[in-house]
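The sequence shown begins at 81 in the working numbering and counts up by one. The C-beta atom is built at its ideal place from N, Cα and C for all residues, glycine as well. Just so you know, these numbers come straight off a predicted model, no measurement behind them. Beneath this line is the structure, given in structure tokens, with notes to follow.
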Amino acid sequence: KFGNSVRVTTQLIDAGTGHHLWSEKYDRDMQDLFALQDEIAHKIIVELQVKLTEGEQARVSHKSTTNLEAWSYAVRGLKLFERASKENNAKAMEYFERAVELDPDYVWAWVRLAWTHVIAARSGNPSESIKKVVEISKKVLVLDESDSDVHALLGLVYLIQNQYELAIAEGEKSLVLGPTNAQAHVLLAVSMNAVGKFDDVIRLVKKAMRLHPYYPAYYLQWLGGAYRMVGRYEDALTAYNQLFDRSQKDEFPSLIAHLFLADLYAEFGKEDLARTHAEEVLRISPGFSLKEINKVSTYKYKDPAYLETRLNALRKAGFPDKPPLQLPDKPSIAVLAFDNLSSDPEQEYFSDGISENIITALSKVGELFVIARNSSFIYKEKPVKVQQIGRELGVRYVMEGSVQKSGNRVRITAQLIDTINGQHLWAENYDRDLKDIFEIQDEMTMKIVTALRIELTEGEQARVWAKQVKNLDVYLKAAQWKSARGEGTKEGVMRCGQLAKEIIEIEPDHPIGYRLLGWYYWQLAMRNISPRESTEKGFKLIQKALAMDESDELSHAVLGHINLIMRKYEKAIESGKRSVELLPNGAMVHALFGRTLCDAGQLDEGIASIKQGRRLNPFPDYWYYTYLGKCYSQNGQHEDALKEYQKALQRAPESPQIHGALAVTYILLGREEEARASAVKSMEFAPNVSVSLISKISTVKNQAFNELVADAMRKAGFPE
81 KFGNSVRVTT QLIDAGTGHH LWSEKYDRDM QDLFALQDEI AHKIIVELQV KLTEGEQARV
141 SHKSTTNLEA WSYAVRGLKL FERASKENNA KAMEYFERAV ELDPDYVWAW VRLAWTHVIA
201 ARSGNPSESI KKVVEISKKV LVLDESDSDV HALLGLVYLI QNQYELAIAE GEKSLVLGPT
261 NAQAHVLLAV SMNAVGKFDD VIRLVKKAMR LHPYYPAYYL QWLGGAYRMV GRYEDALTAY
321 NQLFDRSQKD EFPSLIAHLF LADLYAEFGK EDLARTHAEE VLRISPGFSL KEINKVSTYK
381 YKDPAYLETR LNALRKAGFP DKPPLQLPDK PSIAVLAFDN LSSDPEQEYF SDGISENIIT
441 ALSKVGELFV IARNSSFIYK EKPVKVQQIG RELGVRYVME GSVQKSGNRV RITAQLIDTI
501 NGQHLWAENY DRDLKDIFEI QDEMTMKIVT ALRIELTEGE QARVWAKQVK NLDVYLKAAQ
561 WKSARGEGTK EGVMRCGQLA KEIIEIEPDH PIGYRLLGWY YWQLAMRNIS PRESTEKGFK
621 LIQKALAMDE SDELSHAVLG HINLIMRKYE KAIESGKRSV ELLPNGAMVH ALFGRTLCDA
681 GQLDEGIASI KQGRRLNPFP DYWYYTYLGK CYSQNGQHED ALKEYQKALQ RAPESPQIHG
741 ALAVTYILLG REEEARASAV KSMEFAPNVS VSLISKISTV KNQAFNELVA DAMRKAGFPE
């Protein structure tokens with residue numbers, strides 16, 4: 081320091097060799113000490129970047145601001161932008177916005193902010209994003225018409241508007257104004273790519289790489305694409321492999337890197353490698369299709385023939401033209417035609433019959449979404465991967481199998497495959513004597529459907545149902561009965577009654593029909609429909625079922641609930657205990673017994689039993705949640721009760737009981753507005769519900785809790 085002047089000297093030294101790489105001195109008048117510190121620090125950082133990282137490109141970002149903080153935000157934004165992901169782009173946009181907020185005249189940052197909006201247009205609101213780009217281009221033109229970046233941006237705007245000649249003219253002007261501006265070279269290359277001037281693309285990108293020794297990964301996509309379009313496949317492969325390597329370091333989206341390699345390999349005949357990369361794209365983004373290509377800027381051409389060339393290669397690689405159908409909100413499956421492996425073509429009808437039987441049977445399982453025969457059979461005798469079938473039919477699972485006859489023996493093989501990852505979830509062989517074809521079809525259908533229900537819907541509980549019946553019609557009606565019960569509505573209960581009666585007609589000497597009909601009458605009593613008569617009928621039917629088979633655990637469980645209606649709590653607990661003794665790993669008996677225990681006042685034991693039932697059933701019906709919610713409510717755990725009722729509502733949205741339970745719980749939590757809304761819903765589905773009705777049918781032994789519920793119902797808006 082000398083008087084009002086100050087000299088700052090700095091130098092960069094290689095610690096390994098001791099060589100001086102760079103040095104500089106700065107002479108300044110000492111007016112504002114902090115402003116002086118910022119200026120000198122800024123210049124030194126830029127020079128270090130020139131020497132150690134970006135080369136001369138570092139001067140470009142520095143030239144239009146003296147605000148060190150604004151520059152710092154802009155440089156950080158650029159590093160994120162160059163990593164070319166949606167998340168990085170969004171963060172880069174925030175940094176650039178902060179930079180121009182700190183320095184509204186910072187042209188370089190404004191231009192980069194526009195770039196982030198170009199990228200955002202591919203996945204967000206395109207019209208709004210492009211509108212922003214145009215606005216920024218007008219602003220920076222006013223700020224500095226002589227800036228190379230400004231004209232490069234104008235070229236990009238014209239390209240977006242498909243004004244190709246103007247785009248190229250602005251790009252060329254940007255090079256005149258900034259002959260060492262690497263990004264301006266790349267943006268002109270983008271315009272050249274669109275009009276098919278691929279040799280110019282190669283020249284411009286290679287020049288940009290020389291100007292920017294630490295160039296961002298996305299330069300390689302334009303270089304590789306241009307090499308590919310002029311038939312220089314080995315050079316294209318080198319560029320794309322480098323791009324892929326950098327994508328593994330999170331410098332570029334790996335999905336796009338795989339896409340380019342799939343395209344290239346398919347183009348020069350290496351379809352196996354192409355499919356490998358295509359499969360990886362579809363693993364990363366299962367919904368990807370050729371419709372998504374318009375989001376990949378490299379594929380935008382003035383001449384549609386160029387695009388079609390690349391689309392044809394991608395089709396060879398295995399990409400679908402359209403996105404897959406959206407998966408339903410329940411397990412979805414397509415049953416393919418079973419292969420006939422027998423030498424006798426006459427056996428085709430038998431193998432087709434097995435498949436058709438399974439489709440028909442599964443369609444009666446309400447918890448499944450099953451594709452119709454005429455859709456799934458189109459893949460018969462076609463070598464199609466299950467992932468493609470899943471995308472085209474919109475299903476998560478595919479069942480395939482085969483039938484092989486040898487003499488009087490037949491072997492049926494079936495397997496279940498996840499279409500998302502191609503994994504085999506279940507497979508089984510069945511060997512049988514070929515006596516009655518239809519009997520074998522029915523038996524195999526029952527076994528396979530049971531296996532699928534175990535895997536996809538009910539877990540081991542499905543095996544409990546299956547072991548009790550041998551007749552396929554009875555089995556399927558029981559499956560329909562279970563689906564109707566799971567609706568949680570009066571209409572569902574009525575269907576349960578009809579199905580139970582049909583089962584008794586088919587097999588009058590089997591206990592299952594009487595047990596299901598007994599359950600139906602128990603439900604009528606719980607809904608105050610001829611309660612005395614319904615209770616008596618239910619009790620007699622369950623007694624009849626137990627007379628036929630005393631070891632029927634589910635009959636004991638239902639008997640426990642009928643005893644609850646009659647307020648015979650000790651007998652109810654006795655029946656529940658017996659049901660669990662008979663089937664210790666039965667999900668349903670544990671859950672039903674848990675409800676009995678809670679209503680009888682044994683809350684901790686009841687909650688534990690219901691939770692055990694839930695663990696044993698990976699796909700529980702709504703009532704598993706309502707039972708646990710009711711137990712929590714009796715225990716004063718109203719927040720926990722609310723969570724359970726909300727889960728139940730997702731499974732049975734039209735259940736008046738669930739809406740009513742929610743109304744009571746909201747009141748107990750002090751949320752009156754939500755309580756009234758739930759009460760309205762409950763009364764919409766059950767117009768006759770009232771405080772006195774619920775008090776009358778309650779099976780809870782604790783009268784204080786019953787009074788608490790009644791008071792909450794009044795506050796929620798239920799009539800007396």
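- Ser422 sits in coil when the DSSP states are folded into three classes, being neither helix nor strand.
- The alpha-carbon of Val490 is positioned some 40 Å away from that of Leu353.
- Gly349 sits exposed, since fewer than 16 C-beta atoms from the chains shown fall within 10 Å of its C-beta.
- When the five nearest sequence neighbours on each side are left out, the beta carbons in the same chain lying within less than 8 Å of the beta carbon of Leu773 are those of Asn608, in order along the chain.
- In this chain, Asn786 is not harboured by any beta strand (DSSP E); it is covered by the alpha helix (DSSP H) spanning 783–796.
- Residue environment: Glu650 is assigned as exposed (fewer than 16 neighbouring CB atoms within 10 Å of its CB, all protein chains considered).
- Distances from the alpha-carbon of Leu344 to those of Asp315, Asn242, Arg202 put Asp315 closest.
- In this structure, the straight-line span from the alpha carbon of Arg395 to that of Asp401 is close to 8 Å.
- Val285 is positioned such that its CB atom lies closer than 8 Å to that of Val266.
- Spanning the alpha carbons of Cys711 and Gly446 requires a straight line of approximately 28 Å.
- The three-state reading of DSSP puts Phe430 in helix, counting H, G and I together.
- About 4 Å separates the Cβ atoms of Leu300 and Leu323, confirming a contact at the 8 Å cut-off.
- For Ala494, the enclosing beta strand (DSSP E) has its first and last residue at 489–498.
- Distance from Leu626 to Leu597 at the Cβ level is roughly 14 Å; contact not present, criterion being Cβ atoms closer than 8 Å.
- Apart from the 5 residues on each side of it in sequence, Ala337 sits with its Cβ closer than 6 Å to the Cβ of Leu323, Phe324, Ser327 in its chain, given in chain order.
- Boundaries cannot be given for Lys402, as no beta strand (DSSP E) includes it and DSSP labels it neither H nor E.
- The stretch 447–462 and the stretch 496–514 do not touch, with fewer than three beta-carbon pairs separated by less than 8 Å.
- Per DSSP, the beta bridge partners of Tyr510 are Ile492.
- Glu347 and Phe399 have their C-alpha atoms some 14 Å from each other.
- Going by DSSP, Lys218 is part of no beta strand (DSSP E) but of the alpha helix (DSSP H) stretching over 206–223.
- Taking the C-beta atoms as reference points, Ala652 is found no nearer than 8 Å to Leu662.
- Taking the Cα of Ser431 as reference, the smallest distance to any Cα among Leu416, Lys211, Arg283 is reached at Leu416.
- Beyond the five residues adjoining it in sequence on each side, Lys380 comes within less than 7 Å, by CB distance, of Ala274 in the same chain, given in chain order.
- Distance from the Cα of Leu696 is smallest, within the candidate group Gly681, Gly709, Pro664, Tyr702, for Pro664.
- Burial state of His504 is exposed, judged by a 10 Å Cβ sphere holding fewer than 16 other Cβ atoms.
- Distance between Tyr244 and Ser271, taken at the CA atoms: about 7 Å.
- The Cβ atoms of Leu182 and Asn147 lie closer than 8 Å to each other.
- When beta bridges are read from the DSSP output, His504 appears opposite Ile497.
- Sequence-distant partners of Gly593 (beyond 5 residues in either direction) whose C-beta falls short of 6 Å from its own C-beta, in its chain, are Ala580, Ile583, Ile584.
- Distances from the CA of Thr569 to each of Asp383, Lys212, Pro733 were compared; the closest alpha carbon is that of Pro733.
- Here the alpha carbon of Lys219 sits roughly 11 Å from the alpha carbon of Lys212.
- Taking C-beta separations shorter than 8 Å and ignoring five residues to either side along the sequence, the partners of Asp589 in its chain run Met628, following chain order.
- Judged by their CB atoms, Phe332 and Tyr298 are nearer to each other than the 8 Å cut-off.
- By DSSP's assignment, Ser412 forms a beta bridge with Phe449.
- In this structure, the CA atom of Tyr175 is about 36 Å from the CA atom of Glu359.
- Comparing alpha carbon positions, the residue from Tyr704, Ala792, Gly709, Glu252 closest to Ala671 is Tyr704.
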